[in-house]
Amino acid sequence: MTDSTPSWDFTTPVVFLGAWFAGYEDGRFDMELFLGGSLVHSVVIQDLGPNHWVLDDLTYEPVPEPGNLVLLGAGLIGLTRLRRRV
Numbered sequence: 014m015t016d017s018t019p020s021w022d023f024t025t026p027v028v029f030l031g032a033w034f035a036g037y038e039d040g041r042f043d044m045e046l047f048l049g050g051s052l053v054h055s056v057v058i059q060d061l062g063p064n065h066w067v068l069d070d071l072t073y074e075p076v077p078e079p080g081n082l083v084l085l086g087a088g089l090i091g092l093t094r095l096r097r098r099v
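Counting from 14, one number per residue, gives the positions in the sequence shown under the numbering used here.
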């Protein structure tokens with residue numbers, strides 16, 4: 014394994030439907046999830062010796078922020094009130 018560190022940077026909105034990786038060697042796979050610049054979760058997969066490895070169907074789905082839902086609700090209320098006036 015090399016000393017390089019792969020990274021994936023996502024900006025919202027993101028649709029990530031999956032990935033597939035495979036290899037034969039020993040090493041370590043680190044994945045970190047950041048939200049607003051803060052680490053919220055990390056996973057480390059450590060291989061104990063040279064083996065075949067596969068990472069399949071890695072999925073990511075963005076979760077709407079509560080502020081977006083409030084904005085959507087306020088817009089719907091405004092449209093309802095506007096419709097009642099007309």
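Cβ atoms here follow ideal geometry from the backbone N, Cα and C, with glycine treated the same way.
From a predicted model like this one, the values you see are computed outputs, not experimental measurements.
R96 and L84 have their C-alpha atoms some 18 Å from each other. Distances from the alpha-carbon of I58 to those of G88, E45, L92, R94 put E45 closest.
About 13 Å separates the beta carbon of F47 from that of V56, a gap too long to meet the 8 Å contact definition.
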